[in-house]
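Student: Got a structure here, written out as structure tokens. Questions coming.
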Amino acid sequence: MAYFKLKVYHGGFFTYRNGPLEYVGGETTMIEEIDGDRWSVFEAYAELKQFGYVEENIPSLWFKDPTHEDLEKNLKLFKSDADSIAMCKIAEVRDYVELYVVHKVEEEQVFPACGYIDVGGGHRMDDVGQQLVVYGGEDVGSKKSDVAADISGAENTEGGDDANLDANMEYEPSEEEEETEDDLHFTSSEDELDPDFEDEDGAGSDEVEDDHEVGGLGSDSDHQGQSYPVHKHQKDMSQYKWEVGTVYATREEFKDTVTAYAVQRARAITFRKCDLQRVRAVCTGKCPFWLYAAKMKEEDSWQLRSMNLTHTCTQTHRVGILHSRWLGKAFKKKVESNPRVKIRELVSKAQKKWNLTVTKSMATRTKQIALDEIQGTFREQYKRIYDYAHELMRANPGTSVRLQVQRYPEVENEVASSQTSCCIFQRIYICLEACKQSFNHCRSFIGLDGCFLKTPQGGQLLTAIGWDPNDQMLPVAYAVVEAETKDSWTWFLSHLATDIGVEKMGRTTFMSDQQKVSNPKPNLTYVH
């Protein structure tokens, strides 16, 4: 089967709000180059990972023909190989097929009342039923009478507002960590507590209380006088010691640390919240494990504010937050030592090292990311073409390097401020000094040929190959050009004649494959 396109509707939900069944909210994304021979339900979940979705949070997938408008009549459940074949057949006729993602809706959780809570920043709570202390709260007083709350009229709201609290104060559930800069308060509303705080040992568990505790001042304005531990990467992240107050250079560093921990501990950890001010990692199901980090005020660094390290879940071979970028860093040394490593070897390596299931598509992206990081992208390499040319001439005195560039159209008539400004690479010719001298002792014969360069930038490689006394091939000169044309061959042979001498060229027999090879010197003899 050929490749096809997949139009994915995700992030929304099905509803009869306006009469007929429709999919509202969310986004629509077109994924190209889906391999029909490998398409299956498992490949669908692998593709959805790039949007941040995990299989556990997707109860079902549905598909339909894009020309059929009625969702209720034409939607079909995507669950087997027969459905995969049906989708491929639709795509063959319509060029693409539509896929609808159904997301899991969490049920409302009910928790017991907490009573009075001390909201003094960085103080330990003594009340029964409260086991969390979070860094960063502004010190608004330590008397319990000041923060007493009647929980009988509390409403279950997303923002955590309690209508019965004191009018001069604003309280929000610490487990949601809605205020990340200055205020991290608590509420005594039983409906607003996050289920992640539930622990098998009960509300008074000393283990969980120690996990959550963090010392510190009452407000971010006092942080300047304190020093906090700085994150240090370690090889075995399964033994990583999480410490509240640890500072991470960036949000990505914290996320990579969580990912490494999840992979090496084989835990199904996901990022429930991730924005410019906060990151919250939780374990799937009813496991109470969670980590919460927030951006530090007036800084680019992030800090671990609170956590619960208790795991009640079992280990898994599928980690939802695992992505190809992290794998690319993990496999960088392996790919660097063997750039031609097979995809199946990377899949097998992940299975043996971490007991994880990695799809072939993810392994392919992983290898490409590792190669890009090692070699740099092709575009970045072309930006250093001048450095490459000068290094060749420095390391090989007498070497000839000819570089031809194009100016941008808007600055063609302007004087460039430097040699490399506003230029587009067009051609480069190279003839190493050792090859020049060696050709003087070879037979007067040169073979001319060209081949395509299979890179994102394209182009063709032109070569001049000699024949030494041992009947072995000797590369005399080569060039990278935009295409194999009469003009590019003329340019190449002109520089070749300059390097090996016109007199030598006159006694040389040339052989080509009858392509667009010109004769820049009238006394040259060609054999086709």
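Residue numbers for the sequence shown follow full-length UniProt numbering, beginning at 1 and rising by one. Quick reminder that beta carbons are idealized off the backbone N, C-alpha and C, glycines included. None of these values were measured; they are calculated from a predicted model.
1. Drop a sphere of 10 angstroms on the beta-carbon of Asn440, count the other beta-carbons inside from all chains shown, and report buried for 16 or more, exposed for fewer.
2. Measuring alpha carbon to alpha carbon, tell me which of Gln368, Tyr382, Gln437 and His68 ends up nearest Trp326.
3. What residues are listed by DSSP as bridge partners for Ile385?
4. When the Cα atoms are used, what is the spatial distance from Gln404 to Ile31?
5. Where does Asp300 sit, in a helix, a strand or coil, going by DSSP?
6. Can you list, in chain order, the residues of its chain with a C-beta nearer than 6 Å to that of His123? Leave out the 5 residues immediately preceding and following it.
7. Hey, Gly447 and Met511 are a contact pair by Cβ (cut 8 Å); roughly how many whole angstroms apart?
8. How close, in whole Å, do the beta carbons of His317 and Arg402 come, if the pair is a contact with beta carbons under 8 Å?
9. Going by DSSP, what residue range makes up the beta strand (DSSP E) through Ser400?
10. Ordered along the chain, which non-local residues of its own chain (more than five positions away) have a Cβ less than 6 Å from that of Arg247?
11. What three-state label does DSSP hand Thr250 in the structure shown?
12. In this structure, does DSSP put Leu276 in helix, strand or coil?
13. For Ala477 and Arg407, I'd like the C-alpha separation in whole angstroms.
14. Can Ala293 and Phe331 be called in contact, C-beta distance under 8 Å?
15. What first and last residue would you give for the beta strand (DSSP E) that runs through Cys451?
16. If you run the structure through DSSP and keep just helix, strand and coil, what is Gly216?
17. Once you ignore the five residues that flank Ser60 on each side, which residues in its own chain have a CB closer than 7 Å to its CB?
18. Is it buried or exposed, Val147, if we count other Cβ atoms within 10 angstroms and call 16 or more buried?
19. Which stretch, first to last residue, makes up the beta strand (DSSP E) that contains Trp467?
20. In or out: Asp83 buried (at least 16 other Cβ within 10 Å) or exposed?
21. Tell me which residue opens and which closes the alpha helix (DSSP H) that Gly328 is part of.
22. Assuming Cys435 contacts Leu474 under a Cβ cut-off of 8 Å, what Cβ separation, rounded to an integer in Å, is found between them?
23. What's the gap between the Cα of Val244 and the Cα of Asn308?
24. Using DSSP's beta-bridge definition, name the partner residues of His10.
25. Look at the alpha carbon of Val347 and the alpha carbon of Tyr9, and state the distance between them as a whole number of angstroms.
26. By Cβ distance below 6 Å, which residues in the same chain neighbour Tyr23 in space, the five residues on each side in sequence not counted?
27. I'd like to know whether the C-beta atoms of Arg267 and His233 end up nearer to each other than 8 Å.
28. In angstroms with no decimal places, state the Cα-to-Cα distance between Ala44 and Ser80.
29. Would you call the region 334-346 and the region 264-279 touching, i.e. three or more CB-CB distances under 8 Å?
30. Tell whether a beta-carbon distance below 8 Å holds between Ile34 and Leu6.
31. How is the alpha helix (DSSP H) around Met237 delimited, first residue to last?
32. Could you tell me the alpha carbon to alpha carbon distance between Val358 and Phe42, rounded to whole angstroms?
33. DSSP puts Asp35 in a beta bridge; with which residues?
34. If you reduce the DSSP assignment to three classes, tell me which class Ile58 lands in.
35. Name the one or two DSSP bridge partners that Thr270 has.
36. Can you give me the Cβ contacts of Lys349 inside the same chain, cut-off strictly under 8 Å, excluding the 5 residues immediately before and after it?
Tutor: This is what the structure gives:
1. The residue in question, Asn440, is exposed, as its Cβ has fewer than 16 Cβ neighbours within 10 Å.
2. The shortest Cα separation from Trp326 among Gln368, Tyr382, Gln437 and His68 belongs to Gln368.
3. DSSP, once it has assigned bridges, lists no residue as partnering Ile385.
4. 38 Å
5. coil
6. Low per-residue confidence applies at His123: pLDDT is 39, beneath 50, and the placement is therefore not dependable, though the value from the model is reported in the following sentence. So the list is empty, once near-sequence residues are dropped.
7. 5 Å
8. Between Arg402 and His317 the Cβ distance is about 56 Å, and since that is not below 8 Å, they are no contact.
9. Ser400 to Arg407
10. A small fix is needed here, since residue 247 is Val in this sequence, not Arg. Correct list, in chain order: Tyr228, Val230, Ser301 and Gln303.
11. coil
12. coil
13. Rounded to whole angstroms, the gap between the alpha carbons of Ala477 and Arg407 is 26 Å.
14. no
15. Phe445 to Phe452
16. With a pLDDT of 38 at Gly216, under the threshold of 50, the predicted position of this residue should be treated as unreliable, and no value is reported.
17. Leu77 and Val102
18. Residue confidence is low: Val147 scores 34 on pLDDT, short of 50, so the model does not pin down where it sits. Its coordinate-derived value is still stated next. Counting Cβ neighbours within 10 Å, Val147 comes out buried, since at least 16 surround it.
19. Gln460 to Trp467
20. buried
21. Ser324 to Ala330
22. Distance from Cys435 to Leu474 at the Cβ level is roughly 7 Å; contact confirmed, criterion being Cβ atoms closer than 8 Å.
23. 10 Å
24. Glu27
25. 29 Å
26. Tyr9, Gly12, Phe14 and Tyr100
27. No.
28. 11 Å
29. In short, these stretches do not touch, since the Cβ pair count stays below three.
30. Yes, the pair counts as a contact, with Cβ atoms nearer than the cut-off.
31. Segment: none, Met237 is in no alpha helix (DSSP H) and carries neither H nor E.
32. 11 Å
33. Tyr3
34. Correct three-state label for Ile58: coil.
35. Val282
36. Phe331 and Lys334
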